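See below for the structure under consideration.
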Amino acid sequence: MGISFQKENDGIKIVDIIPNTPAAESNLQVSDRIIAIDGISLKGKSSEEAKLMLRGPKNKPIEVTYVNNGETYSTVLSRIQITVKPLKNIEDWYDGKEQFSTHEVKAFASSTENDKELLAVLKKGSVLQTEESTSADNLDGVYIEKAPKDAPKNNRSDITRPAANRTQTQHYRNINGEIVKKETKHSVKF
């Protein structure tokens, strides 16, 4: 799905969204609270139980019920196969250097997995931002399988990308069963 989260009493709070994942392409936002998965409440569930509920076969739909600014919404996303791998020996790759730019970390992470595409680099579970400089400890690469070489570019069936300068309208059923319309304006730069 593509989120980092922390456990809360009534569910899980999104602390980060991994770029180029179904979560990033949806209306989910950092600080939203996911309160149910596939209609099953997360209240009283541990972080591990929530993680297991989020996982499943690739491309299998997952219904996520979440709270955003006091309103409850439900959306359906596709699962993708994400691999999170600790980044080791970056200091050796850069001849003993101790601080690294995000660009250097991403270059290293991309070189370690030939059959996978790098989506993001995490530092202690949060997406490493472009302007950050960092040490090598607690770094993880987040990867998905590379599309076959003969596949058209940006044609991953598990992600729908909005067209440039387009308004996307999504309808949700709130916790009271009422239909709610939410519009999002997209301005995609190529």
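The opening residue of the sequence shown carries number -19 in the numbering used here; numbering runs sequentially from there. The beta carbon of each residue, even a glycine, is placed where N, CA and C say it ideally should be. Note that the structure is predicted; figures quoted are calculated from it, not measured.
DSSP state of Thr82 mapped onto helix, strand, coil: Sequence index remark: in the sequence shown, residue 82 carries index 102 (1-based). Thr82: helix per DSSP, three-state reduction.
Beta-carbon proximity list for Gly19, same chain, < 7 Å, skipping 5 on both sides: As a position in the sequence shown, residue 19 is number 39, starting the count at 1. Within the same chain, Gly19 has close Cβ partners Glu43.
Segments of 3+ residues assigned as beta strand (DSSP E) that fall wholly inside the segment 99 to 133: 119 to 125
CA-to-CA distance, Ile17 to Ser27, given in whole angstroms: Locating residue 27 in the sequence shown gives position 47, counting from the first residue. Locating residue 17 in the sequence shown gives position 37, counting from the first residue. Each residue's alpha carbon lies about 13 Å from the other.
Asn(-11) versus Ala3: straight-line alpha-carbon distance, rounded: As a first step, residue -11 must be located in the sequence shown, where it is residue number 9. As a first step, residue 3 must be located in the sequence shown, where it is residue number 23. Near 22 Å, if we compare the C-alpha coordinates of Ala3 and Asn(-11).
For Lys31, the first and last residue of its enclosing alpha helix (DSSP H): Here residue 31 corresponds to residue number 51 of the sequence shown, with the count starting at 1. Segment Ser27 to Leu34, the alpha helix (DSSP H) holding Lys31.
Host alpha helix (DSSP H) of Asp(-4) (start-end): For the purposes of this step, residue -4 is identified with residue 16 of the sequence shown, where counting begins at 1. Unbroken run through Asp(-4) is the beta strand (DSSP E), Gly(-9) to Ile(-3); no alpha helix (DSSP H).
Where the beta strand (DSSP E) through Ile70 begins and ends: Translated into the one-based positions of the sequence shown, residue 70 becomes position 90. Here Ile70 belongs to no beta strand (DSSP E); instead the alpha helix (DSSP H) covers Ile70 to Trp73.
Within 8 Å, strictly: CB atoms of Ile(-17) and Ile(-3): Stepping through the sequence shown from its first residue, residue -17 is reached at position 3. Stepping through the sequence shown from its first residue, residue -3 is reached at position 17. In this structure, Ile(-3) lies closer than 8 Å to Ile(-17) by Cβ.
Other residues of its chain near Lys171: CB distance less than 7 Å, five sequence neighbours each side excluded: Outside the shown range of the chain (-19 to 170) lies residue 171, about which nothing can therefore be said.
Buried or exposed (CB count within 10 angstroms, at least 16 for buried), Leu67: The sequence position of residue 67 within the sequence shown is 87, counting from 1. Buried, by the Cβ-count rule.
8 Å CB neighbourhood of Gly36 in its chain, flanking five on each side removed: Stepping through the sequence shown from its first residue, residue 36 is reached at position 56. The answer, listed in chain order, is Ile42 and Arg59.
According to DSSP, residues forming a beta bridge with Asn48: In the sequence shown, counting from the first residue as 1, residue 48 sits at position 68. Per DSSP, Glu51.
Lys40 classed as buried or exposed, judged by whether at least 16 other C-beta atoms fall within 10 angstroms: Sequence index remark: in the sequence shown, residue 40 carries index 60 (1-based). Lys40 comes out exposed.
Helix, strand or coil at Ala3 according to DSSP, with G and I counted as helix: For the purposes of this step, residue 3 is taken as the residue at position 23 of the sequence shown. Three-state result, Ala3: coil.
Contacting residues, own chain, Cβ-Cβ under 7 Å from Ser90 (five flanking each side not counted): As a position in the sequence shown, residue 90 is number 110, starting the count at 1. The residues are Leu98.
Beta-bridge pairing of Ile63 - partner residues as DSSP gives them: As a first step, residue 63 must be located in the sequence shown, where it is residue number 83. The sequence as given places Thr at residue 63; Ile does not occur at that position. Thr63 pairs with Tyr123.
Per-residue burial, Val56 [other beta carbons within 10 Å of its own, 16 or more giving buried]: Counted from its first residue, the sequence shown places residue 56 at position 76. The residue in question, Val56, is exposed, as its Cβ has fewer than 16 Cβ neighbours within 10 Å.
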